[in-house]
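Add 1169 to a position in the sequence shown, counting from 1, and you land on the number used in my numbering. Beta carbons are placed, not taken as given, at the ideal position from N, Cα and C, and that holds for glycine. Here is the structure we will look at, set down as C-alpha cells.
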Amino acid sequence: MDTEHVFEQAKKWILEAGDRIRSSFDKTLNVHTKSDPNDLVTDIDRDTEKFFIEKIRGTFPEHRILGEEGFGDTLSDLEGVVWIIDPIDGTMNFIHQQRNFAISIGIYENGKGKIGLVYDIVHKELYHAKEGSGAFLNGRELPKLERANVKESIVAMNATWVMENKMVDHNMLIPLIREARGTRSYGSAAIELVYVATGRVNAYISPRLAPWDYAGGAIIVEEAGGSVTSLNGDKLDMLNKSSVFAAGPGLHGEILEQYLKAGKIE
Ligand code: 2AM
Ligand code: CA
C-alpha cells in the first residue's frame, strides 16, 4: 500500500464527509432504532458510510471495507488492505447534543494498523496517525505521553459499567474510581481514545465495543506512546467485538495488574 497516497485520500474524504454532516444540522433527522431502543442510527450515519464506500471502491477497488452500518464487505479475515469505518461514533450525542461525535477510520494492512483518522467535526479537530510517524492533531504532532500514576489520573468510562451488567463484574471498577483523581464520560469511544492520546484523559475503559469504534483511535493512541488492549491485556480484535482499555505508559500496566485483572471479565 502507498500509505501516503491512501492517507491523503482518506483525509480529503473525512473532511468532506464532516462538512456534509455539519450542514445536516439544519435538517430534520430521521432516527431509527437498531438492536434495542437505545441503539440508534440516522440517515446521516448510513449516507456517510455509503459516501466513503463509493469513494474507496472508485479509487482503491482492491481494498475491503468493514463499516458499522453494514454497507461494506463481510469479512472473515484481515488480509490485504481493510478500511474499518464508523461513519458516526457517538450517534446518541449526535442526535441529542450535536457535539461529541466523530468519524473514525482505521486502515489496516494484513492486520497491522497503518493509518488512523478520527475527526471531531464540531470542534474541527482532526486527529491522525501513520504507523511509526507519531500522532497529530490538526497537523501538529502530539507530544509523547508521559508516565502517570492512578492517583493523578482522569479515567474515562461510562456509569453503565458500575451497574449490574452482562459484560463485567460491576464491582471491579469501584476501587479504580475511588483511587483515580476523577472520571469522565464523553459517549464516543473514538473521542475518548484520542483524548487519551492528547492527555486530556489518562485512561479509557469500555467493556463492550466493536472494531469500528476503536480501529482508528487505537492507532492514534499507540503512536502517541500509549497502549490499547482488551480489559484482559490481549491484543485488540479487529473483526469481532472486544472490551477496550487504553492508557499512557506505566499507567496501562498499573491499572491492568492492580485493578482490571482482579475483576471478572466474561
Ligand atoms: P456508536 O455511537 O457508534 O454506536 C458510547 O459509550 C460508545 O460505545 C460509542 O462509541 C458507541 O458507538 C459505542 N457503543 C454503544 N453501544 C454499543 C454496542 N452495543 N456495541 C458496541 N459499541 C457500542
Ligand atoms: Ca456509529
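- Going down the chain, each residue whose beta-carbon is closer than 7 Å to a heavy atom of ligand 2 shows up: Asp1214, Glu1237, Asp1255, Pro1256, Ile1257, Asp1258, Thr1260 and Trp1381.
- Arg1226 is the residue among Arg1226, Leu1209 and Gly1259 whose C-alpha sits nearest the C-alpha of Gln1178.
- Inclusion of Leu1362 and Leu1247 in the CB contact set at 8 Å is not warranted, their separation being larger than that value.
- Annotation for Thr1260: Leu1209, Val1210, Thr1211, Asp1214 and Phe1270 place their beta carbon closer than 8 Å to its own, counting only its chain and skipping 5 residues before and after.
- Ile1346: member of the alpha helix (DSSP H) spanning Ile1343 to Glu1348, first to last residue.
- Straight-line spacing of the CA atoms in Gly1275 and Tyr1288 works out to 12 Å.
- Annotation note: the stretch 1178-1263 contains the following uninterrupted beta strand (DSSP E) runs of length 3 or greater, listed N- to C-terminal: 1200-1202, 1209-1211, 1233-1236 and 1250-1258.
- Listed in chain order, the beta strand (DSSP E) elements of length 3 or more contained wholly in the stretch 1363-1416 are 1372-1378, 1396-1398 and 1411-1416.
- The three-state reading of DSSP puts Tyr1355 in coil, since its state is none of H, G, I, E or B.
- At least one heavy atom of ligand 1 lies less than 7 Å from the C-beta of Asp1208.
- In the three-state DSSP reduction, Leu1295 falls in the strand class (E or B).
- In the DSSP annotation of this structure, Ile1424 is not part of any beta strand (DSSP E); the continuous alpha helix (DSSP H) holding it starts and ends at Leu1420 to Ile1424.
- Under DSSP, Phe1305 takes part in a beta bridge, and its partners are His1297 and Glu1310.
- Relative to ligand 1, Ser1411 has its C-beta separated by 7 Å or more from all heavy atoms.
- When secondary structure is reduced to three states using DSSP, Ile1360 falls in the helix class.
- About 7 Å separates the beta carbon of Leu1286 from that of Lys1180, a gap short enough to meet the 8 Å contact definition.
- Taking a contact to require three or more Cβ pairs closer than 8 Å, the stretch 1238-1257 and the stretch 1332-1342 do not qualify as touching.
- Ranked by Cα distance from Asp1258, the first of Thr1243, Thr1217 and Thr1228 is Thr1217.
- In summary, Ile1343 is exposed, with fewer than 16 beta-carbon neighbours lying within 10 Å of its beta-carbon over all protein chains present.
- Distance check between Phe1194 and each of Glu1223, Gln1266 and Phe1176 places Gln1266 closest, using alpha-carbon atoms only.
- When Cβ pairs closer than 8 Å are counted between the two stretches, the stretch 1397-1408 is seen not to touch the stretch 1317-1331, the count staying below three.
- A distance below 8 Å between beta-carbons, with the five flanking residues on each side excluded, links Leu1198 to the following residues of its chain, in chain order: Thr1211, Asp1212, Ile1213 and Ile1264.
- Non-local beta-carbon contacts of Trp1182 in its own chain, meaning distances under 7 Å to residues more than five positions away in sequence, involve Phe1221 and Lys1224 in chain order.
- By the neighbour-count definition (other C-beta atoms within 10 Å, threshold 16), Thr1398 is a buried residue.
- Beta-bridge annotation (DSSP): Ser1273 is paired with Asp1255 and Val1287.
- Cβ-Cβ distances below 8 Å link Arg1350 to Lys1320, Glu1321, Ser1322 and Ile1323 in the same chain, with the five nearest sequence neighbours on each side left out; the list follows chain order.
- Nearest Cα to Leu1235 within the set Ser1354, Ala1384 and Gly1368: Ala1384.
- The continuous beta strand (DSSP E) containing Val1324 extends over residues Ile1323 to Ala1325.
- If the five residues before and after Glu1392 are omitted, its C-beta is found closer than 6 Å to the C-beta atoms of Ala1298, Gly1303 and Ala1304, all from its own chain and listed in chain order.
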